[in-house]
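These notes are about the structure you will find just below.
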Amino acid sequence: MQDEIRALLDKDEIRDLRIRYSHLLDGNRIDALDRVFAADAVVEVTVGRMEGLEAIKAGLKDAYTLFDRNGRGHYPFMHPIANHLIELTGPDSATGSCYLIDFETASKSDPNPLLLLGLYADEYRRIDGAWRITQTRLDVVWPTSEAPPESNSQA
Numbered sequence: 251m252q253d254e255i256r257a258l259l260d261k262d263e264i265r266d267l268r269i270r271y272s273h274l275l276d277g278n279r280i281d282a283l284d285r286v287f288a289a290d291a292v293v294e295v296t297v298g299r300m301e302g303l304e305a306i307k308a309g310l311k312d313a314y315t316l317f318d319r320n321g322r323g324h325y326p327f328m329h330p331i332a333n334h335l336i337e338l339t340g341p342d343s344a345t346g347s348c349y350l351i352d353f354e355t356a357s358k359s360d361p362n363p364l365l366l367l368g369l370y371a372d373e374y375r376r377i378d379g380a381w382r383i384t385q386t387r388l389d390v391v392w393p394t395s396e397a398p399p400e401s402n403s404q405a
């Protein structure tokens with residue numbers, strides 16, 4: 251019974267990483283991303299590949315500048331996630347995937363807020379007792395449908 255409870259707690263902590271990331275990203279709290287990513291994390295998203303926590307923070311700060319076209323001082327997007335599937339692969343490692351529904355809240359003339367649909371593919375590791383994302387890749391599946399086949403391999 252203890253193993254099952256530990257697995258549930260681990261999955262909940264891992265799931266919280268994705269939720270925390272969305273809130274920190276959308277709230278322009280990039281400096282707090284050490285609560286989400288490992289120091290040596292690798293992130294592959296639409297703005298490029300970033301290796302290491304400091305590069306991730308710098309890349310996302312640059313994205314803020316790039317996308318804040320109206321000069322409002324905040325990121326004009328919301329990043330809700332859904333259907334988070336997590337597989338514990340060891341006592342301190344896991345993989346997971348979840349859907350991204352990306353909304354643009356400002357800076358475009360189209361009144362439809364839907365910007366893209368994507369699939370995050372993640373690797374996680376427990377470091378000093380806390381789960382962190384060690385690698386993540388965002389595959390955009392709409393408006394393009396060019397996600398690699400392995401993106402859907404966990405189901």
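With positions in the sequence shown counted from 1, the corresponding number in this note's numbering is that position plus 250. Just so it is clear, CB atoms sit at the ideal spot from N, CA and C, and this is done for glycine as well.
Sequence-distant residues of its chain with Cβ nearer than 6 angstroms to residue i (five each side left out)
| i | result |
| --- | --- |
| ALA356 | ASN320 and PRO326 |
| GLU373 | THR345, THR384 and GLN385 |
| ALA405 | Here the model assigns ALA405 a pLDDT of 44, short of 50, so the residue's position is not dependable, and the following value carries that caveat. Nothing meets the Cβ criterion. |
| ARG265 | HIS334 |
| VAL293 | MET300, ILE306 and THR386 |
Beta-carbon contacts of residue i that lie in its chain and below 8 angstroms, excluding the five residues immediately before and after
| i | result |
| --- | --- |
| THR339 | THR345 |
| PRO341 | ARG376 |
| VAL286 | LEU267, ARG270, TYR271, LEU274, ARG382 and ILE383 |
| ALA288 | LEU303, ARG375, ILE377, ARG382, ILE383 and THR384 |
Nearest-angstrom beta carbon gap, residue j and residue i [assumed within contact, 8 angstroms]
| i | j | result |
| --- | --- | --- |
| ASP290 | GLY302 | 6 angstroms |
| ASP360 | HIS329 | Going by Cβ atoms, the distance from ASP360 to HIS329 rounds to 19 angstroms, so no, they are not a contact pair. |
Cβ neighbours of residue i in the same chain (closer than 7 angstroms, five flanking residues each side left out)
| i | result |
| --- | --- |
| ALA305 | none |
| SER314 | According to the sequence as given, residue 314 is Tyr; it is not Ser. Counting only Cβ-Cβ distances below 7 angstroms, and skipping sequence neighbours, we find ASN278 and TYR325. |
Strand pairing of residue i, partner residues [DSSP]
| i | result |
| --- | --- |
| LEU419 | Because residue 419 is not part of the residues shown, which for the chain are 251 to 405, the question remains open. |
| GLN385 | VAL292 and GLU373 |
Along the chain, which unbroken stretches of the alpha helix (DSSP H) at least 4 residues long are found entirely within the stretch 336-380? none
Please give me, in chain order, every unbroken run of the alpha helix (DSSP H) with length at least 4 that falls completely inside the stretch 297-336. 303-317
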